[in-house]
Amino acid sequence: AQSVTQLGSHVSVSEGALVLLRCNYSSSVPPYLFWYVQYPNQGLQLLLKYTSAATLVKGINGFEAEFKKSETSFHLTKPSAHMSDAAEYFCAVSARNTNAGKSTFGDGTTLTVKP
Amino acid sequence: DGGITQSPKYLFRKEGQNVTLSCEQNLNHDAMYWYRQDPGQGLRLIYYSQIVNDFQKGDIAEGYSVSREKKESFPLTVTSAQKNPTAFYLCASSNRQGPYTFGSGTRLTVV
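So the sequences go chain by chain: X and Y. Under the numbering used here, think of the first position of the first sequence as 7, with each following residue one higher. Under the numbering used here, think of the first position of the second sequence as 1196, with each following residue one higher.
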């Protein structure tokens, strides 16, 4: 069984400030972890993925995430927010070593960037 | 370029009418998925298919039906039994444990 919890359904930051979106997971087997971004009226787009190589994963648009097994976390960060980062962000987990690739998604976090 | 295409982008349904949403992928992905998204809510899984001619119900399958006759195609039918179909529908595909590739979505409205 696997699950994802995104802490904070809404996060607001000022332009230029640090972005931190929190994700904790639960998985009975080693997981793959993903972050996606969704802009209004569009599909989700992959930001980055953790598949067991480096624990610090760099993604597109300056985002990165760190896999911390001891904390079962995969928080998404960006040093300096841009107005264009305003969107909804989803964390997802899928179980490794299974034939079933179905991911479990968190409920999403809406990021607002204030000028 | 490979990708996943959903059509139409906007769809209007009359009361009691069945409508079909199209989803086609040319990524050679084995698995395909349908999700429903309502305002302020996350993704809710309707149906998924991991191989051709096989599919499983997700969390909210009632009032929906699917088919998977070809690897590339996974159409979703919203039947008259679905009493509140107005929503944004997303199709996705993936390989084993891989990240999902999503379509651009279909917005369905009941008129």
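From the three backbone atoms N, C-alpha and C, an ideal C-beta is built for every residue, glycine too.
Reduced DSSP category for Ser76/X - H, G, I as helix; E, B as strand; rest coil: Ser76/X: coil per DSSP, three-state reduction.
7 Å Cβ cutoff, Gly114/X in contact with chain Y: Closer than 7 Å to some Cβ of chain Y, the Cβ of Gly114/X qualifies, so yes.
Chain Y contacts made by the segment 36-56 of chain X, where a contact means CB separation under 8 Å: So the list reads Tyr38, Phe40, Tyr42, Asn47, Gln48, Gly49, Leu50, Gln51, Leu52, Lys55, given in the order they occur along the chain.
Sequence-distant residues of the same chain with beta carbon closer than 7 Å to Ala93/X, five excluded per side: Cβ neighbours of Ala93/X beyond the five flanking positions: Val43, Gln44, Tyr45, Leu117.
Option nearest Tyr31/X by Cα separation, candidates Pro121/X, Ser109/X, Asn47/X, Leu50/X: Nearest option by C-alpha distance: Ser109/X.
Nearest residue (CA-CA) to Arg1239/Y, options Arg1302/Y, Gly1253/Y, Val1305/Y, Ser1202/Y: In terms of Cα proximity to Arg1239/Y, the closest of Arg1302/Y, Gly1253/Y, Val1305/Y, Ser1202/Y is Gly1253/Y.
Meets three-Cβ-pair contact criterion under 8 Å: the segment 47-58 of chain X and the segment 1205-1225 of chain Y: These segments do not touch.
Proximity of Thr1274/Y and Gly1300/Y at Cβ, strictly below 7 Å: Not a contact, by the Cβ cut-off of 7 Å.
Where Asp1225/Y sits in the DSSP three-state scheme: Coil.
Contacts of Ser100/X in chain Y (Cβ-Cβ under 7 Å): What Ser100/X touches in chain Y: Gln1292.
Per-residue contacts from Phe69/X into chain Y (C-beta, under 7 Å): Chain Y residues near Phe69/X: none, gap ~14 Å exceeds 7 Å.
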